[in-house]
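Note sheet for the following structure.
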Amino acid sequence: MLAAGVAPLVLDYFFLPPLHTLGISPEAGPEVLPFLLSALAAAWVSSMRSTARETRARWSGAKRSFAVSSPINPTSRGPGMRTAA
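Quick note on the numbering used here: the sequence shown kicks off at 6 and runs consecutively.
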């Protein structure tokens, strides 16, 4: 997000007239606004991607920790259990 905020200032300083001055004038708005919006959109997409990756890793770990190591066999009898004769 810091890069998205600093990028329009760098654009203004190096590429918009008067060169090598800071201060975005109202006339420079049409050049700066799309640049700023695209930088914010890229930062948002990157943030959502990393959040999704973390969530997926968390769910994957949860599924592994709750997985049953052996299937339950309802026909098996525990110790002391007798079959009816």
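Virtual Cβ for every residue (Gly too), placed ideally from N, Cα, C.
Between the alpha carbons of residue i and residue j, how many angstroms are there, rounded?
i, j, result
"residue 60", "residue 24", "45 Å"
"residue 37", "residue 58", "32 Å"
"residue 65", "residue 47", "27 Å"
"residue 51", "residue 33", "27 Å"
"residue 53", "residue 21", "32 Å"
"residue 55", "residue 63", "12 Å"
"residue 49", "residue 35", "22 Å"
Would you identify the three-state DSSP class for residue i, choosing helix, strand or coil?
i, result
"residue 24", "coil"
"residue 75", "A caution first: residue 75 carries a pLDDT of 48, below 50, which makes its placement in the model unreliable, though a value can still be read off. It is coil, neither helix nor strand."
"residue 65", "helix"
"residue 30", "coil"
Is residue i near residue j, with beta carbons less than 9 Å apart?
i, j, result
"residue 18", "residue 7", "no"
"residue 45", "residue 9", "yes"
Per the contact definition of three or more C-beta pairs closer than 8 Å, is the region 10-20 in contact with the region 40-50?
Because the criterion of three Cβ pairs below 8 Å is met, the region 40-50 and the region 10-20 touch.
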